[in-house]
Amino acid sequence: MQDVNSGNIQRLEAMITEARKISIVTHQKPDGDAMGSSIALYHFLRMYGKDSVRIILNDRFPSYLDFLTSDISETDLIFFQEMPDTAEILIRDSDLIFCLDFNAFHRTDRIEPALSDSKAEKILIDHHLNPDRNAFSLSFSETEISSASELLYQILIRTEKIGMDATLLPPASAVALMTGMTTDTNNFANSTYPSTFLMASDLLAAGVDRNAILSHLYNQYGENRLRLMGHMMKDLLTITEDGVAYIVLDRSTQKAYKIAEGDTEGFVNMPLSIADVRMSILAKEDDEKIRISIRSRIGTSANGCARAYFNGGGHENAAGGRLCIPEDVPGVEAVAEYIERQTHIYLNQENENN
Ligand code: 5GP
Ligand code: MN
Numbered sequence: 055m056q057d058v059n060s061g062n063i064q065r066l067e068a069m070i071t072e073a074r075k076i077s078i079v080t081h082q083k084p085d086g087d088a089m090g091s092s093i094a095l096y097h098f099l100r101m102y103g104k105d106s107v108r109i110i111l112n113d114r115f116p117s118y119l120d121f122l123t124s125d126i127s128e129t130d131l132i133f134f135q136e137m138p139d140t141a142e143i144l145i146r147d148s149d150l151i152f153c154l155d156f157n158a159f160h161r162t163d164r165i166e167p168a169l170s171d172s173k174a175e176k177i178l179i180d181h182h183l184n185p186d187r188n189a190f191s192l193s194f195s196e197t198e199i200s201s202a203s204e205l206l207y208q209i210l211i212r213t214e215k216i217g218m219d220a221t222l223l224p225p226a227s228a229v230a231l232m233t234g235m236t237t238d239t240n241n242f243a244n245s246t247y248p249s250t251f252l253m254a255s256d257l258l259a260a261g262v263d264r265n266a267i268l269s270h271l272y273n274q275y276g277e278n279r280l281r282l283m284g285h286m287m288k289d290l291l292t293i294t295e296d297g298v299a300y301i302v303l304d305r306s307t308q309k310a311y312k313i314a315e316g317d318t319e320g321f322v323n324m325p326l327s328i329a330d331v332r333m334s335i336l337a338k339e340d341d342e343k344i345r346i347s348i349r350s351r352i353g354t355s356a357n358g359c360a361r362a363y364f365n366g367g368g369h370e371n372a373a374g375g376r377l378c379i380p381e382d383v384p385g386v387e388a389v390a391e392y393i394e395r396q397t398h399i400y401l402n403q404e405n406e407n408n
């Protein structure tokens, strides 16, 4: 963890001390790690004595994360899509902006212009490949770590305020950090490091109720989600000769199963349990675009494929992107062919390079 050094931690604390109005932003379609890290930082900054701290989200988060925000006032949690003018003013007036769990401004979608224009000091805390370091006054960017939540944990415990004693973290921060790490590792299944287990151990010792978190995250879905999963795995899954498993989920199917944001979380990982599958792709029809999730086995790069053919990126074995209509595909009915053709090209190039 090169960026997590005492010089950078001191700079961070000096910037926090000086700041009066602080904003926290994260990527669009915020997931558990985006929300966990943002909320953990919010409570830390409040404990630090900062009374003007706003979390500005592009759009709503899945309802299984509601438990994280129950003690945050409505005025401190702003959704850009719903209150663009308020959100823009808040960003413009901030003197410090934390950017969590994303590597480039465009990942914040509609917040991007305000973020680029803002004269505030910006601090990056992120674990994705290819960070845009030039855009930040201070960058904490580590890829050999489970999650942005773990990276934030490693930073916060080294501050003078916490002094390596996790019991001094605000309890709500501890819960949020454990939550973000849990969702980004798929409950300790991927991207775990020795530091990840040490963090979990220290947070448990500090009083975090992991059973309660797991219950919120994994055991509060509606029946519709399990029915959809059955349909997707039985009827919609295709496996190509290259070992690419893919599913195209069109809007009418999402509607038929009354699917809400977050309901398909985790499905893209499932085909990787098949021995012959090296890469799994979920293509989900959204407004005027197709959202892509990619997972790969070690030795095949989900990030490379997302960057090359799906206007995206992410981590080596977990990445995402989008197909635009009509630039990339004429419509959802053409997505299956696109995936088969481009992954065939990509995997054969990858074979040649290895
Ligand atoms: P998911 O499939 O869970 O939506 O995303 C997997 C990972 O890839 C996440 O870490 C996410 O932040 C990243 N990711 C998803 N979409 C994009 C994208 O469009 N661009 C980049 N650079 N990363 C993405
Ligand atoms: Mn993350």
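Per this note's numbering: the sequence shown ends with 408, consecutive numbering throughout.
Virtual Cβ for every residue (Gly too), placed ideally from N, Cα, C.
For the ligand MN, is there a heavy atom less than 7 Å away from the beta-carbon of residue i?
{"i": "Ala230", "result": "no"}
{"i": "Ala254", "result": "no"}
{"i": "Ala202", "result": "yes"}
{"i": "Asp155", "result": "yes"}
{"i": "His181", "result": "yes"}
{"i": "Asp289", "result": "no"}
{"i": "Asp139", "result": "no"}
{"i": "Asp87", "result": "yes"}
Tell me which residues share the same chain as residue i and place their Cβ nearer than 6 Å to its Cβ, disregarding the 5 neighbours each side in the sequence.
{"i": "Ile344", "result": "Ala337, Leu377, Val389"}
{"i": "Gly230", "result": "In the sequence under discussion, the amino acid at residue 230 is Ala, which differs from the Gly named in the question. Closer than 6 Å at the Cβ level, and outside the excluded window around Ala230, lie Gly90, Ile93, Ala94, Leu122."}
{"i": "Thr239", "result": "Ser200, Ser245, Thr246"}
{"i": "Asn371", "result": "Ser350, Ala356"}
{"i": "Glu394", "result": "Thr294"}
Go ahead and pull the three-state DSSP assignment for residue i.
{"i": "Asp139", "result": "helix"}
{"i": "Arg212", "result": "coil"}
{"i": "Tyr272", "result": "helix"}
{"i": "Gly316", "result": "coil"}
{"i": "Val383", "result": "coil"}
{"i": "Thr71", "result": "helix"}
{"i": "Asp149", "result": "coil"}
{"i": "Ile76", "result": "strand"}
{"i": "Leu154", "result": "strand"}
{"i": "Thr162", "result": "helix"}
{"i": "Ala360", "result": "helix"}
{"i": "Leu377", "result": "strand"}
{"i": "Ala372", "result": "strand"}
{"i": "Thr292", "result": "strand"}
{"i": "Gly61", "result": "helix"}
{"i": "Ala284", "result": "One detail in the question is off: residue 284 reads as Gly in this sequence, not Ala. Looking at Gly284 - three-state DSSP - the assignment turns out to be helix."}
Keeping to the same chain, check which residues put their C-beta closer than 7 Å to that of residue i; ignore five residues upstream and five downstream.
{"i": "Arg74", "result": "Ser106, Asp149"}
Here's a check: name, in chain order, each residue in its chain whose Cβ is nearer than 8 Å to the Cβ of residue i, leaving out the five neighbours to either side.
{"i": "Gly261", "result": "Thr221, Pro225, Ala228"}
{"i": "Ile70", "result": "Ile76, Leu99, Tyr102, Lys104, Leu150"}
Tell me whether residue i, by its Cβ, gets closer than 7 Å to a heavy atom of the ligand GDP.
{"i": "Asp238", "result": "The model on display carries the ligand 5GP and the ligand MN but not the ligand GDP."}
By C-beta, the residues closer than 5 Å to any heavy atom of the ligand 5GP, given in chain order: In chain order, the residues positioned with their C-beta nearer than 5 Å to some heavy atom of the ligand 5GP are Ser347, Gly366, Gly367, Gly368, Ala372, Ala373, Gly374, Gly375.
Which complete alpha helix (DSSP H) runs does the stretch 92 to 137 hold, if anything under 4 residues is left out? Listed in chain order, they are 120 to 123.
Only counting runs of 4 or more residues, tell me where the alpha helix (DSSP H) segments fall wholly within the stretch 172 to 255, in order along the chain. The qualifying runs are 202 to 210, 225 to 238.
Enumerate, from N- to C-terminal direction, the unbroken beta strand (DSSP E) stretches of 3 or more residues contained entirely within the stretch 296 to 356. Entirely contained in the stretch 296 to 356, the beta strand (DSSP E) runs reaching 3 residues are, in chain order, 298 to 303, 333 to 340, 343 to 350.
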